[in-house]
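Some notes on the structure that comes next.
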Amino acid sequence: MEDKNLREIDYLRISIIDRCNFKCLYCVDEKRDYEKELNGDYLRVEEIEHIVKLFAKIGVSKIKLTGGEPLMRKDIVSIVRRISKVEGIKKVTLTTNGVLLPNYLEELIKAGLNSVNISLDAIEADKFNYITKQDVLESILTNIKYSAKMIETKINSLIIKEINEDEIIRLVEFAREIRIPIRFIELMPIGCGTGYKPLRQEEIYKVIVDKYGKFTESSESFGNGPARYIKSEENNITIGFISALSECFCSSCNRIRITSAGYLKACLHSRDSLNIRPLLGSIADEQILAIIKNSIYNKPVQHNLLEEVSKETKTMIEIGG
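Numbering (our numbering), first residue to last: 14 to 334.
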């Protein structure tokens, strides 16, 4: 369906868990005890399926499962199997840190998973450990290579000034080696991210061009959302940019979110949310759809992140990446 600004909303991101086995510095506040604060009452498989069926009726065709770390859900295969069978759903994808991927990937593919995004912010071990608070880099690199042989795979990298800006070329070289796209995502001023300075798209682009020479714009779509891609055929490199600050893509935003607790967020950076979980099974689907349609229709026109931090006060692990 379209919102009031005539944007076609066809992409639903569902956070299925607000726990993670990493503690990335821009996502998790180490001073907080999430185990005590969050009750772990996630959406059940049948609730996720019900929600997907509702959204499919109003034109959503692409689903992204996020977290937290979605592979910490032991029923992840069942979730993928059930939502991939929903009429109207054309693509089911997953974002993960990759550490548990070998445990599930073959079954996930059989269940209907179409592609995987794996987060990787550093190739140098000490830097990786500093960002994630985990000493598992070699396993992650191995798992990315494994995934690339099995299913459409992309790397997501977040570059922060004075922390991992010297990792850009190493990350590109790794993606080039295994012939998969890498996407650089600008850090947004939300939650723990407000304490760090993002490296902007133009700064990342300059580092890459200085190393490899000119790139050409690519019209190919390698994902569900508004990423911009460039390619170097000569160097066998495909790079994407998701630049919420440098190139505000709000005018073409096609996504909405459901948190692991069942809250609908039409915009990541707005405090406004709607708890649809209590509605499931308690009122008719037509009534729920009317409520959902109203929320989508009134999706904010755009964020104002260049002038202020996000109005959302929760951390990304709570909202869903």
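Glycine included, each C-beta is placed from N, C-alpha and C at the ideal position.
Going by C-alpha positions, leucine 184 is about 24 Å away from glycine 208. Phenylalanine 68 sits in a helix when the DSSP states are folded into three classes. For threonine 155, no beta strand (DSSP E) segment is defined; the enclosing uninterrupted segment is the alpha helix (DSSP H) at 150 to 163. Excluding sequence positions up to five before and after alanine 274, its CB lies within less than 8 Å of the CB of Asp31, Asp54, Tyr55, Leu56, Asn288, Arg290, all in the same chain and listed in chain order. By the CB criterion at 8 Å, isoleucine 271 and serine 97 fall outside the cutoff. Residues of the same chain with a CB within less than 7 Å of the CB of arginine 94, apart from the 5 flanking positions on each side, are Ala124, Gly125 in chain order. Beta-bridge partners of threonine 106 (DSSP): Lys77, Ser128. In the displayed model, leucine 292 falls within a helix according to three-state DSSP.
Taking the Cα positions, isoleucine 172 is about 16 Å away from alanine 240. Of the candidates Gln300, Cys205, Leu277, the residue whose Cα lies closest to the Cα of isoleucine 61 is Leu277. By DSSP's assignment, leucine 25 forms a beta bridge with Ile76, Ile269. Secondary-structure assignment with DSSP links lysine 278 through a beta bridge to Arg270.
For lysine 174, the number of other beta carbons within 10 angstroms of its own is below 16, and it is reported as exposed.
At least 8 Å separates the beta-carbon of proline 115 from that of tyrosine 143. Within the same chain, Leu84 come within 6 Å of leucine 113 by CB-CB distance, once the 5 residues on both sides are set aside. Taking C-beta atoms under 8 Å as the contact rule, threonine 109 and glutamate 82 qualify, at a distance of about 6 Å. Within the same chain, Ile22, Ile71, Gly72, Lys306, Ile309 come within 7 Å of methionine 14 by CB-CB distance, once the 5 residues on both sides are set aside. The beta carbon of isoleucine 122 lies closer than 8 Å to those of Met163, Ile164 in the same chain, with the five residues before and after it left out. In the displayed model, tyrosine 39 falls within coil according to three-state DSSP, outside both helix and strand.
Annotation for isoleucine 304: Leu287, Ile289, Leu292 place their beta carbon closer than 8 Å to its own, counting only its chain and skipping 5 residues before and after. It is roughly 20 Å from the alpha-carbon of isoleucine 176 to the alpha-carbon of isoleucine 153. Under the three-state reduction of DSSP, glycine 204 is assigned to helix.
Distances from the alpha-carbon of aspartate 134 to those of Leu212, Tyr242, Ile243 put Leu212 closest.
A straight-line Cα-Cα distance of about 19 Å links arginine 26 and glycine 253. Glycine 53 is bridged by DSSP to nothing; it lacks a bridge partner.
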